[in-house]
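One structure is given here, and the rest of the page talks about it.
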Amino acid sequence: MAPDTVSLRYFLVLAQELNFTRAAARIGIAQPALSARMRRLEAELGTALLVRNTRSVVLTTAGAALAESAPPALAALDRAWDTARSTAAGELGTVRIGYSLSAGAETAPALVDRLIRGNSGLEVGAVPMATPEISPAVADGRIDAGITRGEQPGRGVRRFLLRRARIGVQLAQHHPLAEHPEIEIADAAAYPLRLPDRAANPVIHDQLSALFRDTRPHPRFHTPAVSFDMSQRDLRDGVTLAPAGEAAATAQPAGLTWRPLRGAPSLTFHLVLPREQSPLHRRIRAVAKALAHELHWLPD
Numbered sequence: 001m002a003p004d005t006v007s008l009r010y011f012l013v014l015a016q017e018l019n020f021t022r023a024a025a026r027i028g029i030a031q032p033a034l035s036a037r038m039r040r041l042e043a044e045l046g047t048a049l050l051v052r053n054t055r056s057v058v059l060t061t062a063g064a065a066l067a068e069s070a071p072p073a074l075a076a077l078d079r080a081w082d083t084a085r086s087t088a089a090g091e092l093g094t095v096r097i098g099y100s101l102s103a104g105a106e107t108a109p110a111l112v113d114r115l116i117r118g119n120s121g122l123e124v125g126a127v128p129m130a131t132p133e134i135s136p137a138v139a140d141g142r143i144d145a146g147i148t149r150g151e152q153p154g155r156g157v158r159r160f161l162l163r164r165a166r167i168g169v170q171l172a173q174h175h176p177l178a179e180h181p182e183i184e185i186a187d188a189a190a191y192p193l194r195l196p197d198r199a200a201n202p203v204i205h206d207q208l209s210a211l212f213r214d215t216r217p218h219p220r221f222h223t224p225a226v227s228f229d230m231s232q233r234d235l236r237d238g239v240t241l242a243p244a245g246e247a248a249a250t251a252q253p254a255g256l257t258w259r260p261l262r263g264a265p266s267l268t269f270h271l272v273l274p275r276e277q278s279p280l281h282r283r284i285r286a287v288a289k290a291l292a293h294e295l296h297w298l299p300d
């Protein structure tokens, strides 16, 4: 039979006071109610815990053993309750976040850092993934959340706008267009444009290439064999320009700079969560929303 934990806590107070009057006053109940609680506790255990007389209370051997062993047991029970409450509130658990490489320079690290610093009970892991794989991985539970550039298609998920960023171009610092604070789309289209392979992110590839749809003559697109070519030699040599979001401006490799394209629409970053959300998912959403507000990721 499960113990009456309220009566057990009352017993521990009585074991310290060894006086019904003082123990009842400390607990905040009437003395007869405390006496009734102790009789019921002894009946449940099937043994006497106290020897009572008109002047004193003495613990029996069983009572002394209970007074010694009950506190750690109650403390463990309290921890179990706290764990259950924290888990229900999304404050405990393991969070697996997948993010596209283009979100790895600034957006994903900021969210991971905020989750870790603001929720000590959360264990957060993040892994770069190919953009088209993120929404399916969230939907089938392989990851808990994702960060994608662009509103990627996919079933079984919900997408929340996390960030808007200006579109511009990465280019060599010595490039003639680098002298301008903003670059006209038509001027950029006069140079070969470096775009990632469409398979890596069809949504963003199509959005970036569509910027130059109406320019004449049509621009030449250069697609490297790898989506993220670390050497970026063609950029450094001033041969190409690379359409990119403004996050590129915060982590510029040596010799490169970034300029906004005048009149270009925003790039968007989205937080991807399962359609059916647990308290943990709601916690991630709340932290992401607060972070976006604090860092002005979604300007009015």
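Mapping the sequence shown onto UniProt numbering, position 286 (from 1) lands on 286, and the numbers just tick up by one. Glycine is no exception: its CB is placed at the ideal position from the N, C-alpha and C atoms.
- Contact annotation, Arg262 with Ile183: C-beta distance approximately 7 Å; criterion of less than 8 Å satisfied.
- Proximity of the stretch 265-277 to the stretch 135-149 meets the contact definition, three or more beta-carbon pairs being nearer than 8 Å.
- The continuous stretches of beta strand (DSSP E) do not include Ala24, which lies in the alpha helix (DSSP H) extending over residues Phe20 to Ile27.
- Taking all protein chains in view, the Cβ of Asn119 is crowded by 16 or more other Cβ atoms within 10 Å, so the residue is classified as buried.
- The C-alpha of Glu106 is placed about 14 Å away from the C-alpha of Glu294.
- Taking all protein chains in view, the Cβ of Gly63 is crowded by 16 or more other Cβ atoms within 10 Å, so the residue is classified as buried.
- Taking a contact as a CB-CB distance under 8 Å, the pair Asp4 and Leu41 counts as one, their CB atoms being some 6 Å apart.
- Per the DSSP secondary-structure output, Trp258 pairs in a beta bridge with Gln170.
- The alpha-carbon of Ala145 is positioned some 5 Å away from that of Ile97.
- According to DSSP, residue pairing for Leu122 in a beta bridge involves Gly93.
- In its chain, beyond the 5 residues on either side, Val124 have a beta carbon closer than 6 Å to the beta carbon of Ile116.
- Arg149: member of the beta strand (DSSP E) spanning Ala145 to Arg149, first to last residue.
- Within the same chain, Cβ atoms closer than 7 Å to the Cβ of Ala139 are found at Gly154, Arg155, Gly156, Val157 and Pro274, the five residues on either side in sequence being excluded.
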